[in-house]
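Protein chains: 2
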Amino acid sequence: MILNSPEFSRLLNPRAVAVVGASADPDRIGSQPVRFLTEYGFAGQVYPVNPKYAELAGIPCYPDLASVPQPCDVAIIAVAARHVAATIVQCGEARIPFAIVFSAGFREIGGEGIALEQGLKAAIAASGVRVVGPNCIGIMNVPGRAYMGFGPGFRNPDLRQGPVAFVSQSGGFAFSAVGLVDAQGIGFRYVVSGGNEADLGTLDFLDHFLDRDDVEVVVTYIEGIADGRRLRAIGRKALEKRKPILVWKAGNTGIGRTAATSHTASMTADYKLYRAAFHEGGFVEVRDSDDLADCIRAFLGRKLPRGNRIALLTTSGGSGVLMADRCDELGLVLPPLQPGTLERLRAIMPAFSSFANPADFTAQLSGNYKLFNEGLRIVLDDPNADQVVIRYGAVQGRAATRSCGRKIWRRRARPPRSRSWSFGAGRRIRPRNRSRSSPSSAFPGVSPPRARRMPPGYCTSSRPRSPRCARSIACGRWSG
Amino acid sequence: MILNSPEFSRLLNPRAVAVVGASADPDRIGSQPVRFLTEYGFAGQVYPVNPKYAELAGIPCYPDLASVPQPCDVAIIAVAARHVAATIVQCGEARIPFAIVFSAGFREIGGEGIALEQGLKAAIAASGVRVVGPNCIGIMNVPGRAYMGFGPGFRNPDLRQGPVAFVSQSGGFAFSAVGLVDAQGIGFRYVVSGGNEADLGTLDFLDHFLDRDDVEVVVTYIEGIADGRRLRAIGRKALEKRKPILVWKAGNTGIGRTAATSHTASMTADYKLYRAAFHEGGFVEVRDSDDLADCIRAFLGRKLPRGNRIALLTTSGGSGVLMADRCDELGLVLPPLQPGTLERLRAIMPAFSSFANPADFTAQLSGNYKLFNEGLRIVLDDPNADQVVIRYGAVQGRAATRSCGRKIWRRRARPPRSRSWSFGAGRRIRPRNRSRSSPSSAFPGVSPPRARRMPPGYCTSSRPRSPRCARSIACGRWSG
């Protein structure tokens, strides 16, 4: 049975959360969600459950799930593995529809763990309780302040909010990535650690997030998916909904697959099968957290280019060559500039500039942002450019900001010029509900403070490593 | 003719520098080296040359090269392209052995530029003056404060000093990379922008830097090398000298090669030919500035592992899987831990830990650095591990530092334990002259402030993107 959206919403936005195995000992993981839920502004009720205490963290503590008040939507379970199945049965009896099981020591350790997981599955089937985990680190609803997890990733109440949802088969990994992407100015709405997926799995969450109006971009880290057919169906749904799924697939090599097997015991098929599914569309593959941040930003800019033709401007020939290499690797093309463009450039630029594509205005133009911007204006008019990319060399800081053509961008962002407009513009992505908390700028490869002052959809970089930003530029080809 | 080292030293450590085309106008590139050489602590003489001025920047200005006092080792040339050949002849007449030509508008623009470059080559041959450029942005001797260039890369007098030399076929690119690597706590000694290489080329500088006692690691950015045989000979020399050349090769794809041709007009052969040369040894290929920083750090740690067997410890299964993938891609192996190691680990670690390789101590151990370190100590004794790598998940800051095993490292870094010692240790690289100004720590993938507190040769990361650090770990296999 696939949950429908209103049901899932009770898991992500619970009215009340019980914590079974709540503890006053800060070293025990059962102590953590109690603290997070009472201290970070969660508006719902929190019910610690532990017969040892009458109260915990200044609120009443309950001896068992039967005595927890209704309606309670989620039980967090942090007891030893051998008690988990019985606790799920108690959730059912207490009419708690969802459980998040932190407890480890199931399928992933083999041996008796496998038997314990079978018992857990039987309890799930008998009780009708829907379960996240076991062996997960929890779920976070950032704007709802529902920090239903444990570990260092949950200890930051100041995480940014944004219209991004993240479903991960590795909890520790997901929250590391959330921290790094947060540091680049991008916020999340939901983060889900799926653990062993004894019941609810990655595909259930992906499916649900594609339906949610408050999610614009979906991110997933996967080690293994058993249902390849459903994975492909979800890719098609992503295309229909015009909502990309950024997928970070691990366990792709011989060693990596062995490691994945002992991590979440996911069956991980040959990488080629996944790549084939990803190439059907809907998915955008990323390989590290910088890729992830850049690609999220590209999509949140809500403007994608019409095609794969790039005009590349640089003040450093070498940076242009590196970027050209990456564009080639990613299936982007650099057509020659049109004769009219060349004529207009030659009329104003120094003779030693190169007007090929990449066009190299050379380091001698580094300080001269006015002339640089005049050149940029001309290239923007070139009908062959679906996207204009600026690659600085050593130019950083204010000089880079001033040669960013911000005013140019503003003037040209309005129709009817949009056809020749090409800062990653053209075809506009319209999410059904634009989230208020989403970033207003999208600027891959530039440090966050500067990025916030940049126009949406504008792709450039002041860092030489930023052949990386080619990945996000290539997002323009997302839907094929 | 190949220059021998004492001659080359006059170029890198000049007693006096003339600047032809010196200017009082800060917008003209001829103004910049005068300012850098007079303001940043250069101990030699500076002779601006321009008949328009009697003095410039508070020092006497000379009407022509003939009137410049001797001995003058370097002339910087910042005049229009059509005057460059004549100026080289004047350098010869004034007995100035080296010229650095900023002027652009030669071979790289085609047409009349090609003829101008032929004329320049004739002047070089006739005068005996050795020339860097044209179309270069200069040379920097960081500790010698000889900032003989222009552009934003030269505007930072506070660049770090270190035993690293960088030869680049793109000046703008080189100085961007220097800035980024500097920000990661790594300093340079010499940075050379070769430009069109009408005379002295990348291979001459690589050859020379391998000979220099004050250089431990050589870095090069190349777009094209005409003399493949000499490239391979230099690789062999690097192995003999036990001094790695980190090579960043661009212009590898169809589009990238076209771009390289219009940049420095280098003939760039098929990438496969370069890779073959690199694989013979001596060279380590890098692909972006993070790779570059990580690999420099790995070599400056001066300890390389004996082999390619990695023991990987993590608190995040997903991070372990990603890292295992990267290790596989780079030819590293993760052998199972020895039975004795497993027995000792099982005696102290929680049952839900995984003792495969990667060993996952799980997020539940994130805060427990003492237990983590006990586990680390045990794994370090495993005779199958040439190198131990720690991959945290969301653990950062003080917790990561405390679980770094710094004390463990110190105790075990001394022989006779070095055989089982494996933080990138084992085979020791002994450069002939250890530079005093070189970094005392080497810690790929960790932010600079923490990195400085870490022991040399220690490879880990607190960042999830750090499957990247696999590149520097693989440096251990440098010489094959």
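Chains A and G, in that order, give the protein sequences. Under our numbering, residues 96 to 575 are what the first sequence spells out, in order. Under our numbering, residues 96 to 575 are what the second sequence spells out, in order. Backbone N, C-alpha and C define an ideal beta-carbon position, used for all residues, glycine too. Note that this is a predicted model, so its numbers are computed, not measured.
The residues 384, in chain order, have a CB closer than 6 Å to that of residue 275 of chain A in the same chain once the five nearest residues on each side in sequence are set aside. When the five nearest sequence neighbours on each side are left out, the beta carbons in the same chain lying within less than 7 Å of the beta carbon of residue 294 of chain G are those of 219, 225 and 226, in order along the chain. Taking the C-beta atoms as reference points, residue 420 of chain G is found nearer than 8 Å to residue 346 of chain A. Against chain G, the CB of residue 278 of chain A has no partner CB under 8 Å away; the residue lies outside that interface. Here the alpha carbons of residue 337 of chain A and residue 427 of chain A stand approximately 21 Å from one another. In this structure, the alpha-carbon of residue 392 of chain A lies about 29 Å from that of residue 463 of chain A. Contact note: residue 447 of chain A reaches chain G through 199, 200 and 204, using a C-beta cutoff of 7 Å and chain order. Only residues of its own chain outside the window of five on either side were considered, and among them 152 have a CB closer than 7 Å to the CB of residue 130 of chain A, listed in chain order. Cβ atoms of residue 230 of chain G and residue 290 of chain G come within 8 Å of each other, at about 4 Å. Between residue 118 of chain G and residue 145 of chain G, the C-beta spacing is below 8 Å. In the structure shown, residue 128 of chain G adopts helical secondary structure according to DSSP, grouped into three states.
If only complete runs of 4 or more residues are kept, the segment 427 to 477 of chain A shows the alpha helix (DSSP H) at 434 to 443 and 464 to 475, in order along the chain. Taking a C-beta cut-off of 9 Å against chain A, the contacting residues of the segment 405 to 432 of chain G are 407, 409, 410, 411, 412, 413, 414, 415, 416, 417, 418, 419, 420, 421, 422, 423, 424, 427, 428 and 429, listed in chain order. For residue 265 of chain G, the residues of chain A that pass the 9 Å Cβ criterion are 411, 412, 413, 414, 415, 416, 417 and 488, in the order they occur in the chain. In the three-state reduction of the DSSP assignment, residue 279 of chain A falls in the coil class. Under the three-pair Cβ rule at 8 Å, the segment 246 to 257 of chain A does not count as touching the segment 208 to 217 of chain A. Contact annotation: residue 287 of chain G and residue 256 of chain G have beta-carbon atoms that are not nearer than 8 Å. At a cut-off of 8 Å between beta-carbon atoms, residue 354 of chain A makes contact with chain G. At least one beta carbon of chain G lies nearer than 8 Å to the beta carbon of residue 347 of chain A.
For residue 256 of chain A, the enclosing beta strand (DSSP E) starts and ends at 256 to 263. Look at the segment 96 to 127 of chain G: the residues with a C-beta under 8 Å from a C-beta of chain A are 122 and 124.
About 11 Å separates the beta carbon of residue 342 of chain A from that of residue 261 of chain A, a gap too long to meet the 8 Å contact definition.
Here residue 149 of chain G has 155 and 156 as same chain residues with Cβ atoms under 8 Å from its own Cβ, once five neighbours each way along the sequence are excluded. With contacts defined by Cβ atoms closer than 8 Å, residue 173 of chain G and residue 112 of chain G do not form a contacting pair.
If you draw a 10 Å sphere on the C-beta of residue 303 of chain G, you find 16 or more other C-beta atoms in it, and that means buried. Its Cα nearest to that of residue 240 of chain A, the residue A:132 stands out among A:132, A:475 and A:365.
Residue pairing of residue 316 of chain G in beta bridges, as defined by DSSP: G:263 and G:343.
By the 16-neighbour rule on beta-carbons within 10 angstroms, residue 479 of chain G is buried. Taking a beta-carbon distance threshold of 8 Å, residue 282 of chain A does not count as an interface residue toward chain G. Taking all protein chains in view, the Cβ of residue 311 of chain A is crowded by 16 or more other Cβ atoms within 10 Å, so the residue is classified as buried.
Beta-bridge partners assigned by DSSP to residue 288 of chain A: A:263.
By the Cβ rule, the segment 367 to 385 of chain A does not count as touching the segment 436 to 445 of chain G, because fewer than three pairs are nearer than 8 Å. For a cut-off of 8 Å, the C-beta gap from residue 194 of chain G to residue 170 of chain G is around 5 Å, short enough to register as a contact.
Listed in chain order, the non-local C-beta contacts of residue 223 of chain A below 7 Å within the same chain comprise 187, local neighbours out to five positions each way being set aside. Under a 10 Å Cβ-count criterion, residue 465 of chain G is classified as exposed, with fewer than 16 other Cβ atoms of the shown protein chains found around its own Cβ. Selection A:191, A:382, A:176 and A:184 evaluated against residue 197 of chain A yields A:176 as nearest (Cα-Cα).
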